[in-house]
Amino acid sequence: MRTFLLLFLLLAGINGFAQKFQLTQNKLPQVTLNGEPIITTPTEGLWSIATDWKKEWPSNWQHASPTKLETSGDWKILTGTLELPEGKFELRDAYRVEGNRVKCIRRFEWKGEKTLEKVTLSVRWKIDAQKPSAFLPGILYYGNPSGEKNGVQKVPVYHGEAGEKAIFEEHRYPMPFASFEWQDKDNYKGAALHTKPSPVYGGNHFDQWWSLGVQSFENHSELVLLSGPITYNNKPSVAKALQRSAMPYGDTWTKIEPGTIIEKTFYLEAYNVSERGAGFQPPLYTSIDIFKPFYVEDFPTFDEIITEKYRFTKSRYMEDGDIAGFNMFPSHITPQIVMGWAGQSEAPTYALQVLKENLKDDSIDQMVQKSLDHICTSKLTKNGFCVNFNMKTQKWSKTDPVSEGQAMNSIALAIKYGRTNAKVNTTKWEKFLKKACDLHQQRISDNNWNPRNTAEAFYISPFLIASELFQNEDYKKLALKIADYYAERHLSMDEPYWGGTLDATCEDKEGAWGAFQGFMTAYEYTKDLHYLKYAKHAGDMVLSFIVVWDIPFNAGRLADHGLKTRGWTNVSAQNQHLDVYGVVMTPMVYKLGKYTNNEDLKRLAITMYRSCGQMIDPFGSQGEQLQQTNFAQHGDMSNVYKLRGGYSESWTVYWITAHFLHAAAQFKEMGVPLD
Numbered sequence: 159m160r161t162f163l164l165l166f167l168l169l170a171g172i173n174g175f176a177q178k179f180q181l182t183q184n185k186l187p188q189v190t191l192n193g194e195p196i197i198t199t200p201t202e203g204l205w206s207i208a209t210d211w212k213k214e215w216p217s218n219w220q221h222a223s224p225t226k227l228e229t230s231g232d233w234k235i236l237t238g239t240l241e242l243p244e245g246k247f248e249l250r251d252a253y254r255v256e257g258n259r260v261k262c263i264r265r266f267e268w269k270g271e272k273t274l275e276k277v278t279l280s281v282r283w284k285i286d287a288q289k290p291s292a293f294l295p296g297i298l299y300y301g302n303p304s305g306e307k308n309g310v311q312k313v314p315v316y317h318g319e320a321g322e323k324a325i326f327e328e329h330r331y332p333m334p335f336a337s338f339e340w341q342d343k344d345n346y347k348g349a350a351l352h353t354k355p356s357p358v359y360g361g362n363h364f365d366q367w368w369s370l371g372v373q374s375f376e377n378h379s380e381l382v383l384l385s386g387p388i389t390y391n392n393k394p395s396v397a398k399a400l401q402r403s404a405m406p407y408g409d410t411w412t413k414i415e416p417g418t419i420i421e422k423t424f425y426l427e428a429y430n431v432s433e434r435g436a437g438f439q440p441p442l443y444t445s446i447d448i449f450k451p452f453y454v455e456d457f458p459t460f461d462e463i464i465t466e467k468y469r470f471t472k473s474r475y476m477e478d479g480d481i482a483g484f485n486m487f488p489s490h491i492t493p494q495i496v497m498g499w500a501g502q503s504e505a506p507t508y509a510l511q512v513l514k515e516n517l518k519d520d521s522i523d524q525m526v527q528k529s530l531d532h533i534c535t536s537k538l539t540k541n542g543f544c545v546n547f548n549m550k551t552q553k554w555s556k557t558d559p560v561s562e563g564q565a566m567n568s569i570a571l572a573i574k575y576g577r578t579n580a581k582v583n584t585t586k587w588e589k590f591l592k593k594a595c596d597l598h599q600q601r602i603s604d605n606n607w608n609p610r611n612t613a614e615a616f617y618i619s620p621f622l623i624a625s626e627l628f629q630n631e632d633y634k635k636l637a638l639k640i641a642d643y644y645a646e647r648h649l650s651m652d653e654p655y656w657g658g659t660l661d662a663t664c665e666d667k668e669g670a671w672g673a674f675q676g677f678m679t680a681y682e683y684t685k686d687l688h689y690l691k692y693a694k695h696a697g698d699m700v701l702s703f704i705v706v707w708d709i710p711f712n713a714g715r716l717a718d719h720g721l722k723t724r725g726w727t728n729v730s731a732q733n734q735h736l737d738v739y740g741v742v743m744t745p746m747v748y749k750l751g752k753y754t755n756n757e758d759l760k761r762l763a764i765t766m767y768r769s770c771g772q773m774i775d776p777f778g779s780q781g782e783q784l785q786q787t788n789f790a791q792h793g794d795m796s797n798v799y800k801l802r803g804g805y806s807e808s809w810t811v812y813w814i815t816a817h818f819l820h821a822a823a824q825f826k827e828m829g830v831p832l833d
């Protein structure tokens, strides 16, 4: 039992829950850890309401504190009044402890006889910490230091300086919470504010939602909810609406008519943190527990998904003499066989072998053989092998570690399974993989090896598989060298995982995915617990991009389909739309649940896979970008108020299909049914 408990604490990134909800002598609520106040009421009062708007931000703030305490069952109910010249607000908070969190339902009731034209309602909680590290899922990762280094206008940035704010629309959050981590003497602590997202009743704009985030003062910081105002990078009333810039999104006040009642549900969580960089992990699991995004009966079935994706795969298959492969692009673009990242032309050579029985197509072995044989003609250079073959010029070009690492992993899996498949010959594949491994081994073994970002973590898994395939201990040593290097570089979150997506140079789920896959494979090949700890840390960053709630949509393409967003993933701190990329990670998410004894993660992995099959059209195709928030990269981007709910379906690159088949093959080999 003690060993299991220590393992749980090691993997959870915390050192136990000691949270308590208390009321001070003045009836002010607070959350304590080991008797020390962590989350407290702001000095001005428990409730804060602004009644005007100046310089693009709420103004004329008024404050109130509780005057009455009642108990009703498990609930502690505080009430108070805010007197205004036009009348009064009757205010009420109802608190109840629910496991490791405190639930609150805040109620604003306007008793005045006149309409208040420019009101901002709020939820504010004080943290006595200067310059704590902020974590906003899908948006802000410990300040986004890499994104800032590579172009501050591309991403939100936050340093915790006095006066700094980072507050965003609730529908921008895949997991709707804001959290802080900070050092207190020799220990680390964390605090989070979770929200049940909702539109604002009486909002000045159509589709105006509550906003969530953080703000800093001279001697303390705050976790906040506002009834609409958003801001980041010291610019009030702007939305992170474009890939490289913001757009104005102002006048987000609320009109409060006589008799209006508005309620807002939120949760508070305070926790001990075992070490620097682990403070984002506890609220992540709390968010999963709050929303429980596990229902899958309204999603396409596993068989439906792989049948449609295979039909689309066949439509992308090309042959020209000895040249064969899966086209990355639709027909109006020059045909190209592209390995890794957005092309994934090598991925079917593994997946289709495993799924052949399900797909019932005898032509699979020939497609697999010819396409991977051709891929193995790629030109090798001192920096790596080429990943792009242009069918028009019939030449190979371009190298990058993300694509090469991903390609090597799929090729290694194709060889591993192919050795059991009498219908294919793996000789050429093995020769190519050995050459690629030897090339990168020489490069990475150099004392001057200094990768720019997390991208080269994608080499860990294929080197470990290759070490087994070719009985080469040096490959294993190199893989573990890479794993240890990235653990030392990223676990503190001084530099969060980044650089795994080639069109965004910032904190992203793909960079974290490369590390997650590598660390998990290192654990499976060594059984060393510290690699499982690393895998959980990187995996939890991946999880923070997964949507755990169903974001409602107004009229538009996504509403036409009744899209349910639970299980989809945000892309990065720069590109804040949804995509199906998370599908390829689902087997590893399932394994993380298995190895850490977390059934919720197993269920979440299945939700992710099934949910992402929703937008498959009659051709077996899907678009790349779903606009769940005020952000777009394609189409008419001139009106920020019309971005949310849009769908970009023209960029049908092949990875959108390949990842479904790749993950399906892994689940089948794991013996995990998805229906």
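If you're matching positions, the sequence shown starts at 159 in our numbering and goes up one per residue. We treat Cβ as the ideally placed atom computed from N, Cα and C, and that holds for glycine. Keep in mind that this is a model prediction, so the values were computed, not measured.
Asked, Found
"Limits of the unbroken beta strand (DSSP E) element including T229", "K226 to S230"
"Assumed close pair I196, A436 - CB separation to whole angstroms, cut-off 8 Å", "The Cβ separation is near 16 Å, so there is no contact."
"Three-state secondary structure assigned by DSSP to C262", "strand"
"DSSP state of D794 mapped onto helix, strand, coil", "coil"
"Residue span of the alpha helix (DSSP H) that contains L819, given as start and end", "W813 to M828"
"C-beta contact flag for A222 and L249 at 9 Å", "yes"
"Per-residue burial, I491 [other beta carbons within 10 Å of its own, 16 or more giving buried]", "exposed"
"Inter-residue spacing [alpha-carbon to alpha-carbon] between S230 and E614", "56 Å"
"Cβ distance (whole Å) where P451 is taken to contact T765 below 8 Å", "6 Å"
"Backbone secondary structure at D833 - three-state DSSP", "coil"
"Identified DSSP bridge partners for K178", "T190"
"Residues near A790 in its chain [Cβ-Cβ closer than 8 Å; skip 5 each side]", "A399, L400, H735, Q783, L801, G804 and S806"
"G501 - DSSP class collapsed to helix/strand/coil", "coil"
"Residue burial classification, M828 (beta-carbon count within 10 angstroms, cutoff 16)", "exposed"
"Local conformation of R768 per DSSP, three classes", "helix"
"Same chain only: Cβ atoms within 8 Å of L164, ignoring 5 sequence neighbours per side", "Here the model assigns L164 a pLDDT of 43, short of 50, so the residue's position is not dependable and the matter cannot be decided."
"Residues that DSSP places opposite V496 in a beta bridge", "N546"
"F590, DSSP secondary structure in three states", "helix"
"Proximal residues to R761 (C-beta, below 6 Å), its chain only, five neighbours per side dropped", "F452"
"Environment of F438 [buried if 16+ CB atoms lie within 10 Å]", "buried"
"Helix, strand or coil at M773 according to DSSP, with G and I counted as helix", "coil"
"Residues bridged to D352 [DSSP beta-bridge criterion]", "Correcting the residue type first, residue 352 is His in the shown sequence and not Asp. H352 pairs with F335 and Y425."
"Close beta carbons around I533, own chain, < 6 Å, minus the five adjacent residues each side", "E504"
"G563 vs G498 beta-carbon contact at 9 Å", "yes"
"Ordered list of beta strand (DSSP E) runs contained in the segment 439-496, each at least 3 residues", "475-478, 481-484 and 494-496"
"Reduced DSSP secondary structure (H/G/I, E/B, other) of Y633", "helix"
"Residue range of the unbroken beta strand (DSSP E) whose run includes W219", "W215 to A222"
"Residue interval of the beta strand (DSSP E) (run including S374)", "S369 to S374"
"Contacting residues, own chain, Cβ-Cβ under 6 Å from Y468 (five flanking each side not counted)", "L517"
"The segment 622-631 in contact with the segment 577-596 per 3-pair CB rule at 8 Å", "yes"
"Other residues of its chain near P831: CB distance less than 6 Å, five sequence neighbours each side excluded", "none"
"First and last residue of the uninterrupted alpha helix (DSSP H) at V747", "T744 to Y753"
"Boundaries of the beta strand (DSSP E) in which V277 is found, first to last residue", "L274 to I285"
"Exposure label - K213; buried when at least 16 CB within 10 Å", "exposed"
"Cβ neighbour criterion (16 or more within 10 Å) applied to V454", "buried"
"T161 to L442 span [Cα, whole Å]", "Unreliable positioning characterises T161 in this predicted model, as indicated by a pLDDT of 43, which lies under 50. The coordinate reading is nonetheless provided below. Rounded to the nearest angstrom, the two C-alpha atoms are 24 Å apart."
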